Every structure is written in C-alpha cells, then in structure tokens.
DNA sequence: GCCAACGTTGGC
DNA sequence: GCCAACGTTGGC
C-alpha cells in the first residue's frame with residue numbers, strides 16, 4: 001500500500017466537507033501541476049491511504065486520513081469553461097489532467113501542525129518540509145506515515 | 001533552448 | 001497583505 005499527503009484549503013474544501021459528502025466520497029479534482037498529475041494518474045492505487053492536510057489557513061497541518069477509492073481518471077473540470085480550473089488544452093479525447101476519488105476515513109483527535117512536524121528531525125525528508133515545496137500531492141513513506149501517526 | 005516576465009502557492 | 005520560491009509561458 002502507498003501513502004500520500006494531499007493539501008486542500010479548508011476555506012474551500014476541508015476535512016469536514018469531505019466527511020459530510022454523500023458516501024463521504026469526493027473526486028479530488030482541480031490539480032494543475034504535472035508532477036502531481038503523474039502521481040494521480042500513474043501511482044495512486046485503490047486502497048492507498050492519504051493524509052488530509054489543511055493549507056493556507058490559520059493552523060496548517062494534518063487533520064485526518066482518507067482512502068483512495070477510485071484510481072486516476074480524467075478530470076472533467078478541465079473542460080468546463082465555467083470551472084475555475086478550466087484548461088482549454090485538455091479535451092475529452094486527450095485529457096491533460098486527472099483526478100482520483102477519495103473517501104473520508106477518520107479525523108485525528110487534533111491537528112498535527114506544520115510547526116510541530118518541523119520540530120521532528122526524523123521527518124526532515126518529508127517533501128512537505130522541504131524548502132519551497134509547493135506540490136499539493138506528495139508521497140509519504142510507510143516509516144514517515146507511522147512516525148507522524150504516533151505524534152497524535 | 002534560453003531566460004525574463006509573470007502567475008501561483010502558501011507560510012508567516 | 002507580504003513575499004520567497006517555484007512553475008509556466010512565450011519571445012527570441
């Protein structure tokens with residue numbers, strides 16, 4: 001099983017929004033970065049687990065866990081002119097962007113903040129903590145996954 | 001193919 | 001709201 005960390009701005013779509021969705025499931029769409037796209041399309045597998053990370057907010061950090069329930073398929077928001085993620089270069093015949101479906105699994109008892117993660121030298125290799133990293137989806141090793149969870 | 005300009009991300 | 005860091009665009 002693979003592990004991941006996926007960022008979302010809670011003001012737009014937070015963990016509570018996911019939990020309140022029908023079947024607690026939602027397509028993770030709108031990703032417009034090629035590196036992240038490749039992970040969505042090529043590497044994520046059904047049953048993989050992912051941290052839900054709240055970004056660009058008062059208390060950035062990991063707030064919960066979700067599961068990948070559908071593997072990469074074309075992100076149709078790219079060919080919707082009304083979507084904020086519209087990309088005219090992506091078409092149904094030649095989709096450029098992909099999404100997966102995620103399902104809510106649990107909320108951590110507390111937010112494990114970015115500030116706290118930075119204090120742990122054993123997590124220094126987390127892409128999240130690398131200088132200038134702006135990827136909205138990134139891999140987490142099984143060891144990192146375990147070390148983060150015991151912080152809770 | 002270089003690289004300056006521009007837009008975006010996201011912590012602070 | 002600031003701004004560092006990075007990705008993308010497009011002229012040449």
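Numbering (the numbering used here), first residue to last: 1 to 152.
All C-beta atoms in this analysis are idealised placements derived from N, C-alpha and C, irrespective of residue type, glycine included.
Just so it is clear, the structure is predicted and the values come from calculations on it, not from any experiment.
Counting C-beta atoms within 10 angstroms of its own C-beta, residue 130 has fewer than 16 neighbours from the protein chains shown and is therefore classed as exposed. Counting every other CB atom within 10 Å of its CB across the protein chains shown gives residue 144 a total of 16 or more, marking it as buried. The shortest CA-to-CA distance from residue 103 to any of 33, 31, 65 is the one to 65. Following the DSSP letters along the chain, one finds residue 17 inside the alpha helix (DSSP H) bounded by residues 15-20.
For the options 80, 41, 114, the alpha carbon positioned closest to that of residue 51 is the one of 114. With a cut-off of 8 Å on Cβ pairs, the region 81-96 is not in contact with the region 134-152, counting fewer than three such pairs. In the same chain as residue 40, and ignoring 5 residues on each side of it, the C-beta atoms closer than 7 Å to its own belong to 31, 72, 98, 99, 100, 137, in chain order.
Residue 144 carries a helical assignment under DSSP once its states are collapsed to helix, strand and coil. When the alpha-carbon of residue 17 is set against those of 79, 1, 59, 106, the nearest one is in 106. Residue environment for residue 1: exposed (fewer than 16 other C-beta atoms within 10 angstroms of its C-beta). By the criterion of a C-beta distance shorter than 8 Å, residue 133 is surrounded in its chain by 127, once the five residues flanking it on both sides are discounted. Around the CB of residue 93, fewer than 16 other CB atoms lie within 10 Å, so the residue is classed as exposed. Each residue's CA atom was taken as its position, placing residue 67 and residue 5 some 11 Å apart. Under the three-state reduction of DSSP output, residue 4 falls in the strand class.
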